[in-house]
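Below is one structure, written out as structure tokens, with a few remarks after it.
Number of protein chains: 4
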Amino acid sequence: MTATAQLDIDIATQTVEPSTKSTLRTAIAGVTGYAGAELARLLLSHPRLKNTPPMLLGRAGADASAAPVTLTSLHPQLSHLPHADELTLVPFDFEALAREKIDILFLATPHDEARSWAPVALKHGIRVIDLSAAWRLQEDANRAIYKLTDPDPAIGAALQREAVYGSPELHGPQIKTARLVANPGCYATSIILALAPLVRANVLDLDRGIISDSKSGVSGAGKSPTANTHFMHAADNLSVYAPFGHRHTGEMLEQLSLDNSQFQFTPHLLPIPRGIMSTVYAKLSQPSTTAAVQEIFDTFYADAPMVRVRTSPMLPEIQHVVRSSFCDIGFQLAPDKQRLLVVSCLDNLLKGAASQAVQNMNLMAGFHEADGLQ
Amino acid sequence: MTATAQLDIDIATQTVEPSTKSTLRTAIAGVTGYAGAELARLLLSHPRLKNTPPMLLGRAGADASAAPVTLTSLHPQLSHLPHADELTLVPFDFEALAREKIDILFLATPHDEARSWAPVALKHGIRVIDLSAAWRLQEDANRAIYKLTDPDPAIGAALQREAVYGSPELHGPQIKTARLVANPGCYATSIILALAPLVRANVLDLDRGIISDSKSGVSGAGKSPTANTHFMHAADNLSVYAPFGHRHTGEMLEQLSLDNSQFQFTPHLLPIPRGIMSTVYAKLSQPSTTAAVQEIFDTFYADAPMVRVRTSPMLPEIQHVVRSSFCDIGFQLAPDKQRLLVVSCLDNLLKGAASQAVQNMNLMAGFHEADGLQ
Amino acid sequence: MTATAQLDIDIATQTVEPSTKSTLRTAIAGVTGYAGAELARLLLSHPRLKNTPPMLLGRAGADASAAPVTLTSLHPQLSHLPHADELTLVPFDFEALAREKIDILFLATPHDEARSWAPVALKHGIRVIDLSAAWRLQEDANRAIYKLTDPDPAIGAALQREAVYGSPELHGPQIKTARLVANPGCYATSIILALAPLVRANVLDLDRGIISDSKSGVSGAGKSPTANTHFMHAADNLSVYAPFGHRHTGEMLEQLSLDNSQFQFTPHLLPIPRGIMSTVYAKLSQPSTTAAVQEIFDTFYADAPMVRVRTSPMLPEIQHVVRSSFCDIGFQLAPDKQRLLVVSCLDNLLKGAASQAVQNMNLMAGFHEADGLQ
Amino acid sequence: MTATAQLDIDIATQTVEPSTKSTLRTAIAGVTGYAGAELARLLLSHPRLKNTPPMLLGRAGADASAAPVTLTSLHPQLSHLPHADELTLVPFDFEALAREKIDILFLATPHDEARSWAPVALKHGIRVIDLSAAWRLQEDANRAIYKLTDPDPAIGAALQREAVYGSPELHGPQIKTARLVANPGCYATSIILALAPLVRANVLDLDRGIISDSKSGVSGAGKSPTANTHFMHAADNLSVYAPFGHRHTGEMLEQLSLDNSQFQFTPHLLPIPRGIMSTVYAKLSQPSTTAAVQEIFDTFYADAPMVRVRTSPMLPEIQHVVRSSFCDIGFQLAPDKQRLLVVSCLDNLLKGAASQAVQNMNLMAGFHEADGLQ
């Protein structure tokens, strides 16, 4: 990718009108991974995109004379979807994207590629939904963990300020007109959605500290075979990893306006394919009632079609959300009426990745937020 | 069971000398369950009990003319063990136990049976290791959750005071001479062993609150088929149950001298057969160092053969302990040098039940504490 | 159910015209089980039934004053579907079904209830798709295993002759006009679809014997908690059950025109929630080629939207079909060009139950066969 | 490894006396894998090897100044075993093996290393138990699949003739005096033990064809992370691999004196960590009785401590053998009294690898065959 060489993107143009085109054209870079496969599935079955399957982008500069890689050879389970059998990977090339009049480019690529490519896409007038972490973090200190470099630091900094964190429940209006949406991390989504109503309602004793004990299925670790994703390590096991230092922590702190002393996050690897549960511990500033807390959640998510608030004492289970696009949230208040247990579940590949990306696309395209997600 | 009718147990005699008999005779009531099966396995392969397999007790008053139930028909996987093929269940009868000169009776029975039978066993001069919760709790308020009744309340109260909580790492000397040992709960063991060194060293800020987010495999839910233990519910799932009210909580509070406001325990059902992980969150009263905390754990467990303290930052995983008799403990200190993450793993059927019972038997019999457990 | 008392069903009327009604009304008896839940899900999201959710039938004579049982309390994972939150179980009552102008009644009930109720439904002019085994078998000897009794034997016998085995790939035209469709068993579907093209092409050496070594996930064993469906038995295990005598065998023999000496079926319980694989061994009458066998499969299923024939040597895996409505079929020919390995996979709750029922409904209603199934 | 350069092994000396040394010294090459870990565990807890832990061999020529790799860093679950904490990998070096007076060298290495190293070991007077496939096959055509080359073809051929196939139930007497034992494959063991009694009793209709539909847990695929051993592929799945061409087939054919036209083997990958089930289909030459077939199995294995023959109709399950050293075998005869279903289960890492190797060592050392295996 040297396409960034003469980058003269208009960094003054920070928003666009929601699309009113009759057809929306999409492209996916990174369809080989788990999130990419789910994204392809969702777009292929999206009721508003019936006749416009996404372009699927392979490596830039791939030998055009080689046998084409078909979507269904990568993901045989998709072979029943409309158009799936016709789709093959085409070499990543911004000119081709422009020729095809692509409106929205999904990046399900490594962080550094997403950091380099997003500016080029914007320059070509293509809006970007980035599923990597490249654009999620406003604070340099939080972003440092990803070791990103910008081809043009000034443009990188400007686009970073422009980028919208793609949590529709928190930033819906900004997403509608955004050029660059940073789709949230899977753990981050589960925790932010569990805590945002309480933090915004200002009812928590933040100095007491909030703890999220989170557990994720193995797909969260990606498709590359590693010692940790080997069946023999993951099955019949549970293990903690990256306590005090998981790289999704920065997103949670920024979105919830917390600092490190107020928040602690411990991820665990669950022996299941998909699903995240975050068991969140917090304390109210003063004693309250179950009804009052319920009201906070119900109100906050009254217009959020992809969050299902459960009525206390019901708590969500991972099975309720696997292969769905929902985040389920439930809570219980301790007998002391102050300690609060909030449980949040979602499918890490869907509401934690691909479905949230489609939800963002829906907002950007002027579709209904839940189109293609139920 | 009406044998308690004329109970005149000598409640003044509260301890016995550790056995010096050349052979120890044991019996198990409740061998049909998972913990009972593990107990049978451990006793049959115990190096000090080679020629004295345990008596296996079935229902009192069972029809002696019925076809005998063999151990290996209940648990085919035990059929290779010495004597296993000879063993059949005999009807529970204290006279028979006395005739066979049983020294130690293991009760892996429902709580109320254990509450009724233990006094009768003691009256017959038989020491008891009770795997139920019947005798674990000194405080009436904590015990109330089990709805136990005593045939003779005065004797019940006296024996309750006499009963020793069977945590060898905490009460080893008392266990050696005990007549009645209350084998700890599986969750309780994992949490008490994670916290006891810190609580006894008086280094925790108790008012900040301690949280144990614990996860157990399905065998912890028992052998009876229920909606929750159905494969379709447990597999590929994670669910919270009994937050703020799990009945093992009382054990933890009593053994750690904590009150409810200082401690919170949330159990989860893991989609694995065996194993418990407790992820414990605590805060030191003042900043310390990893080395100092390591020293606390290492010293506390220096002579504890069944606890493996890991060197920070190594944390235990469930796979390290499944089918072993160990409790593995590890920790990490936050960058603020005050927040502490302690992770404790054990096999709920072994160190959480049967192995701990055998460890107690070893102490009571004057054997080496780890005999038959490595 | 005494509604069968004065049964005067017109047994001369054996077929109906495919429906041309603008709206189709459906009802489900037995929505509490796994197949019933999938059926409710499929009907609620069926594009042709958008505004006509199914009636959900509970026990006949249930106390109408009791709190209503909601669909989403039974199956929380369905709560996002349109209309799902409004649906409650209503007492089974044929008058109510008639009043509501139900066109098609799905029976996901025990076999004997399905045997008793189907005639009454037909009498009320309601077509029936029965997911039980009550009406699948034409030969009394094969049906004997279910110990069914008919309220009126003459009517039972007549309806049995009328009933159409609901395999759309084999009996599509008859299904379109059928009043009573017997939805096939899950194992039976996987095996019949693997073998029917070969048997009908008359290329197998039947005397050599055909063997199906089949494996099913635990949902095939039903929702009732039993020793076999307990997580501790099913997980990390594989077991054979009912060799030489599984009750689905009769369906296979009748549909494939084989006798017992020519066919052998061994079911295994797999440690997974859903999915069936049948590994089928057969021998061609004379040596052939991969291309010729491929042609047989491809031709047979050319117009079958719910069967995906793989191109040899590709073989299906269970993951390719789980949560889909497809049956995937692949094969390999031995180096001797005569021995044939056919592998067939489907989701036992979908193509093996609920999806096949909807496929039958589509045919009966004049919809496209695959509506709502992709 | 250039130690084979001047190989002048005495190929006339083909057997040795069973050892009568008071202590046996062993070494393991390849302890990093799953079978190697189990082998280390078995040798460390072997009652006849209490004070002589095995030497653990790492790469030849490894830098002696590098930090030593400890056994317990490779396999934390072994850390409780006697001597485990002292053991580190030492560079592979035949001089060192000789200096340490190693009697038996276990090779759990790649096939080609085992082919090169075994002659050198024998030259140094060290007996070899090879867990790879290097020496299992007498027929060149069967061995070709492994693409082995011999440093000295004449010696390779001579040692191949000398090598004893390490199935104690078939070749016990030869194993006792063997210098080079080729430990069988896991699938091969399960199938050979299921069929050998019937084949030797000459009761099968071989021309009808024998089929083994076999299923293995994921540990059989080795420790290297691959797309197939990734949790996301293996979990909740079942897949066929290598039908008509699995490389273990040659062992089965040779040991059972069958040819390819008489035998067919289809392996499947099960979503469990450990365990193999072979479901074997055969036909008796003429009708017989369950009692007669039972007698054939019971007699054949009367003195085989590591095979448990179940009484028909009981069939083994994988759970009965996981983590045990047994092969369990059961059968059922069809109602036609001729078709036979034989089910064989073992733990692929134990009776299918490490335990069988120890069983062979026991025979070679003059120990009891089952020492350390129960």
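Residue numbers (UniProt numbering), protein chains in the order written: chain D, 1 to 374; chain X, 1 to 374; chain F, 1 to 374; chain U, 1 to 374.
Here a beta-carbon is modelled for each residue, glycine too, at the ideal position from N, C-alpha and C.
Please read all numbers here as calculations on a predicted model, not as lab measurements.
Query: Which two residues bound the contiguous alpha helix (DSSP H) that contains Val293/F?; Result: 290-300
Query: In three-state terms, what does DSSP make of Met361/D?; Result: helix
Query: Using a C-beta cutoff of 8 angstroms, does Val90/D count as contacting chain U?; Result: no
Query: Hey, Ile276/D and Cys345/D: beta-carbon distance below 8 angstroms or not?; Result: yes
Query: Among Asn142/D, Pro54/D, Asn260/D, whose alpha-carbon lies nearest the alpha-carbon of Arg247/D?; Result: Asn142/D
Query: How would you list, in chain order, the residues of chain D whose beta-carbon sits under 7 angstroms from the beta-carbon of Met277/X?; Result: Leu238
Query: So which residues of chain F does Arg274/D contact, with C-beta pairs closer than 8 angstroms?; Result: In chain order: nothing, as chain F lies at least about 12 angstroms away.
Query: Whose Cβ in chain U lies nearer than 7 angstroms to the Cβ of Arg339/F?; Result: Gln264
Query: On a Cα-Cα basis, can you pick out the residue from Ser261/D, Asp347/D, Leu42/D, Thr289/D that is closest to Glu317/D?; Result: Asp347/D
Query: Look at Glu100/D and Arg48/D and say whether their C-beta atoms are less than 8 angstroms apart.; Result: no
Query: Which runs of the beta strand (DSSP E) at least 3 residues long sit entirely within the region 298-358 of chain X? Give them in chain order.; Result: 307-309, 327-333, 339-346
Query: State buried or exposed for Ser239/D, treating a residue as buried only when at least 16 other CB atoms are found within 10 Å of its CB.; Result: buried
Query: So the candidates are Leu333/D, His46/D, Val164/D; which of them puts its Cα closest to the Cα of Ala133/D?; Result: Val164/D
Query: If the cut is a Cβ gap below 9 angstroms, which residues of chain A does Thr226/X touch?; Result: Judged by its chain identifiers, the structure shown contains no chain A, and its protein chains are D, X, F and U.
Query: Count the other CB atoms, across all protein chains shown, that sit within 10 Å of the CB of Gly61/X; report buried if there are 16 or more and exposed otherwise.; Result: exposed
Query: Using a Cβ-Cβ cutoff of less than 7 angstroms, which residues in the same chain neighbour residue 386/U once the five nearest sequence positions on both sides are dropped?; Result: Beyond the ends of chain U as shown, which are 1 and 374, falls residue 386/U; an answer cannot be given.
Query: Just how far apart, CA to CA, sit Gln338/U and Leu349/U?; Result: 34 angstroms
Query: Does the CB of residue 400/F have a neighbour CB from chain D at under 8 angstroms?; Result: Lying outside 1 to 374, the shown extent of chain F, residue 400/F is not represented and no answer is given.
Query: Please report the straight-line C-alpha distance between Ala196/F and Gln286/F, rounded to a whole angstrom.; Result: 18 angstroms
Query: CA-CA distance, Ala282/U and Ser212/U?; Result: 9 angstroms
Query: Can you name, in chain order, every residue of its own chain whose Cβ lies under 7 angstroms from the Cβ of Pro335/F, other than the five neighbours on each side?; Result: none
Query: Please determine, among Thr88/F, Asn362/F, Val181/F, Gln374/F, the residue with the shortest C-alpha to C-alpha distance to Gln160/F.; Result: Val181/F
Query: How would you call Ala356/F, buried or exposed, if buried means at least 16 neighbouring beta carbons within 10 angstroms?; Result: It should be noted that the sequence gives Gln, not Ala, for residue 356/F. Buried is the call here.
Query: Residues of the region 196-221 of chain U in Cβ contact with chain D at a cutoff of 7 angstroms, in chain order, please.; Result: Val218, Ser219
Query: Is Gln264/U helix, strand or coil by DSSP?; Result: strand
Query: Is Ile129/F closer than 8 angstroms to Phe106/F when the C-beta atoms are compared?; Result: yes
Query: For the alpha helix (DSSP H) containing His192/F, list its first residue and its last residue.; Result: Just to set this straight, residue 192/F is Ile in the shown sequence, not His. From DSSP, the alpha helix (DSSP H) with Ile192/F extends over 186-200.
Query: If you draw a straight line from the alpha carbon of His75/F to that of Ala37/F, how long is it in whole angstroms?; Result: 7 angstroms
Query: Thr72/F by DSSP, collapsed to three states: which one?; Result: helix
Query: Pick helix, strand or coil for Tyr146/U, following the three-state DSSP scheme.; Result: helix
Query: Please report whether the beta-carbon of Ala235/X lies at a distance below 8 angstroms from any beta-carbon of chain F.; Result: yes
Query: DSSP three-state call for Ile155/F: helix, strand or coil?; Result: helix
Query: Taking the alpha carbon of Thr23/F as the reference point, which residue from Tyr34/F, Leu43/F, Gly30/F has its own alpha carbon closest?; Result: Leu43/F
Query: Using the Cα positions of Met328/U and Gln138/U, report the straight-line distance between them to the nearest angstrom.; Result: As written in the sequence, residue 328/U is Asp, which differs from the Met given in the question. Computed Cα separation, rounded: 28 angstroms.
Query: Taking 8 angstroms as the CB-CB cut-off, is Pro76/U touching chain X?; Result: yes
Query: Thinking C-beta only, is Asp298/U closer than 8 angstroms to Val309/U?; Result: yes
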